[in-house]
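Under this note's numbering, the first residue of the sequence shown is numbered 27, with each subsequent residue one higher. Where a beta carbon is used, it is the ideal one built from N, C-alpha and C, also for glycine. Some notes on the structure that comes next.
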Amino acid sequence: MHAPSNAGTPVRDALDGAITAIAAAGCETPRLDAELLLAHALGVGREQLLLDPDALVAGPAVRVFQDAVRRRAVGREPVAYIVGHRGFRRLQLAVDRRVLVPRPETELLVEVGLGLPAGARVLDVGTGSGAVALALKDERPDLQVSGSDISTAALELAQANAQALGLDVRWLHADLLTDVGEFDAILSNPPYVEESARPALAPEIVRHEPAGALFAGPDGLSVIRALLDQLAELPDVRFLGLEVGAGQAQPVAELTRAAGFDAIRFERDLARIQRVVFAERHRE
27 MHAPSNAGTP VRDALDGAIT AIAAAGCETP RLDAELLLAH ALGVGREQLL
77 LDPDALVAGP AVRVFQDAVR RRAVGREPVA YIVGHRGFRR LQLAVDRRVL
127 VPRPETELLV EVGLGLPAGA RVLDVGTGSG AVALALKDER PDLQVSGSDI
177 STAALELAQA NAQALGLDVR WLHADLLTDV GEFDAILSNP PYVEESARPA
227 LAPEIVRHEP AGALFAGPDG LSVIRALLDQ LAELPDVRFL GLEVGAGQAQ
277 PVAELTRAAG FDAIRFERDL ARIQRVVFAE RHRE
C-alpha cells in the first residue's frame with residue numbers, strides 16, 4: 027500500500043497498493059478482496075469506491091484497512107472473517123471462525139428446498155452459520171424450518187443471525203439425526219473432504235475454517251454414511267438434499283438408494299460439478 031499523506035490517500039491508490047500485496051500472496055481475487063476490505067474500513071458500500079475513486083482514505087480507516095490487508099495477504103484469512111459477514115441468497119449473514127464461510131454452490135440446497143410441499147417440516151443438518159435454514163425460511167415462510175449442529179458455538183452464531191434477520195427458525199444441538207424429532211425433509215451440507223486432500227487445500231481453508239465441518243475420513247463420505255444409516259431407520263423422512271464433493275455424486279446416490287430413497291437427481295453448480303444429490307422416498 028502507498029504510504030498515506032497527512033491528508034490521506036486517494037481510494038484508487040489505496041486499492042492499487044492493496045491489490046499488489048494481496049495478489050503477491052497468491053490470493054485468487056485480489057481486486058475484489060481489496061475493494062471489500064476498503065469498503066469495510068470506510069463503512070461504505072463497495073460501489074461507492076467505484077463512484078468516487080478520488081475520495082481520501084484518512085484517519086482511523088487507514089489503520090483498519092492496513093490491518094485488514096495484512097490479515098488477508100500475510101495470514102491468508104478469508105475476507106468474510108475479516109469483515110465479519112457474507113452474502114448468501116438474499117441475506118447478509120454474520121460469519122466468523124466458528125463456522126464455514128457460506129459458498130455459492132451451497133445455494134443449490136436452498137433451491138431444491140424451495141420445491142418442497144407447503145408446510146413441510148425441514149431440518150438443515152450441520153447448519154453452521156444457519157445459511158441454508160435461514161435462506162429457506164426467508165424465501166419459503168410457510169415451511170417449518172429447523173437447523174441443527176453438533177457445535178454449540180456454531181448454533182450460537184446461527185441463532186444470532188436468525189435474531190438479526192427476524193426469521194423464525196428452531197435450533198437444535200444434535201449429532202446428525204440423533205433425537206431431533208420428526209421431519210419431512212432433510213437438507214445438509216455435511217463435511218465431505220477426504221483427509222488426503224488437506225495438503226492441496228487453499229491456506230484460507232486449512233488455516234482458518236473449522237476442520238470438523240470439512241473433513242470426513244479417507245474417502246470424505248464417513249459423515250454422509252452415518253447420516254444415511256440413520257435415515258434408513260426414519261421412513262417418514264420423504265425428501266433428502268445433500269451437498270457433495272466433486273466425484274462423490276454417484277457413490278452417494280448408491281448409498282441414498284440403499285437407505286430407501288428413489289427418484290434421485292443431481293444439481294450441478296456453476297463449474298458443472300454434480301454438487302447436490304436430491305432424492306425422494308415414495309410411500310407404498
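*Using a Cβ-Cβ cut-off of 6 Å (strictly less than) and excluding sequence neighbours within five positions of Ser248, which residues of its own chain qualify?*
Counting only Cβ-Cβ distances below 6 Å, and skipping sequence neighbours, we find Ala242.
*Give the range of the beta strand (DSSP E) segment to which Asp175 is assigned.*
Asp175 -> beta strand (DSSP E) spans 170–175.
*Taking all protein chains shown into account, do 16 or more other C-beta atoms lie within 10 angstroms of the C-beta of Pro225, making it buried, or fewer, making it exposed?*
The residue in question, Pro225, is exposed, as its Cβ has fewer than 16 Cβ neighbours within 10 Å.
*Option nearest Pro130 by Cα separation, candidates Gly141, Pro236, Leu117*: Scanning Gly141, Pro236, Leu117 for the CA closest to the CA of Pro130 turns up Leu117.
*Please name the residue, chosen from Asp255, Asp78, Gln276, Thr178, that lies closest to Ile299 on a Cα-to-Cα basis.*
Out of Asp255, Asp78, Gln276, Thr178, Gln276 has the C-alpha closest to the C-alpha of Ile299.
*Roughly how many angstroms separate the alpha carbons of Gly141 and Gly154, rounded to a whole number?*
Gly141 and Gly154: Cα-Cα distance of roughly 23 Å.
*Do Leu253 and Val219 have their C-beta atoms closer together than 9 Å?*
Going by C-beta atoms, Leu253 is not nearer than 9 Å to Val219.
*Exposure of Leu63, with buried meaning 16 or more beta-carbon neighbours within 10 Å*: Classification of Leu63: buried, given that the 10 Å Cβ count is 16 or more.
*Tell me whether Gln92 is buried or exposed, calling it buried when 16 or more other Cβ atoms sit within 10 Å of its Cβ.*
Gln92 sits buried, since 16 or more C-beta atoms from the chains shown fall within 10 Å of its C-beta.
*Ignore the nearest five residues each way along the sequence and tell me which others in Ala157's own chain have a CB closer than 7 Å to its CB.*
Residues of the same chain with a CB within less than 7 Å of the CB of Ala157, apart from the 5 flanking positions on each side, are Phe114, Leu119, Pro128, Thr132 in chain order.
*Could you check what DSSP says for Ser222 in three-state terms: helix, strand or coil?*
The answer is helix: DSSP assigns Ser222 an H, G or I state.
*From Glu103 to Ala180, what distance separates their C-alpha atoms?*
Cα to Cα, Glu103 sits roughly 19 Å from Ala180.
*Is it true that the CB of Ala65 sits closer than 9 Å to the CB of Leu75?*
Contact check for Leu75 against Ala65 passes: the beta carbons are separated by less than 9 Å.
*asked:* For His28 and Phe209, what's the separation of their Cα atoms in angstroms?
replied: Bear in mind that the predicted position of His28 carries a pLDDT of just 46, short of 50, making it unreliable; the figure below should be weighed with that in mind. So the two alpha carbons sit approximately 56 Å from each other.
*asked:* Can you tell me whether Pro86 is buried or exposed? The criterion is at least 16 other CB atoms within 10 Å of its CB, across all chains shown.
replied: Looking at its Cβ environment, which holds fewer than 16 other Cβ atoms inside 10 Å, Pro86 is exposed.
_Continuous beta strand (DSSP E) stretch holding Val302: start and end_ = DSSP places Val302 inside the beta strand (DSSP E), whose first and last residues are 300–306.
*Below 9 Å between beta carbons: does that hold for Leu126 and Val148?*
Not closer than 9 Å, so no.
_Among Gly139, Asp59, Asp150, nearest to Ala44 - alpha-carbon criterion_ = Per the Cα distances, Asp59.
_I'd like to know whether the C-beta atoms of Gly173 and Ala190 end up nearer to each other than 9 Å._
Not closer than 9 Å, so no.
*For Gln118, the first and last residue of its enclosing beta strand (DSSP E)*: In the DSSP assignment, Gln118 falls within the unbroken beta strand (DSSP E) covering 117–120.
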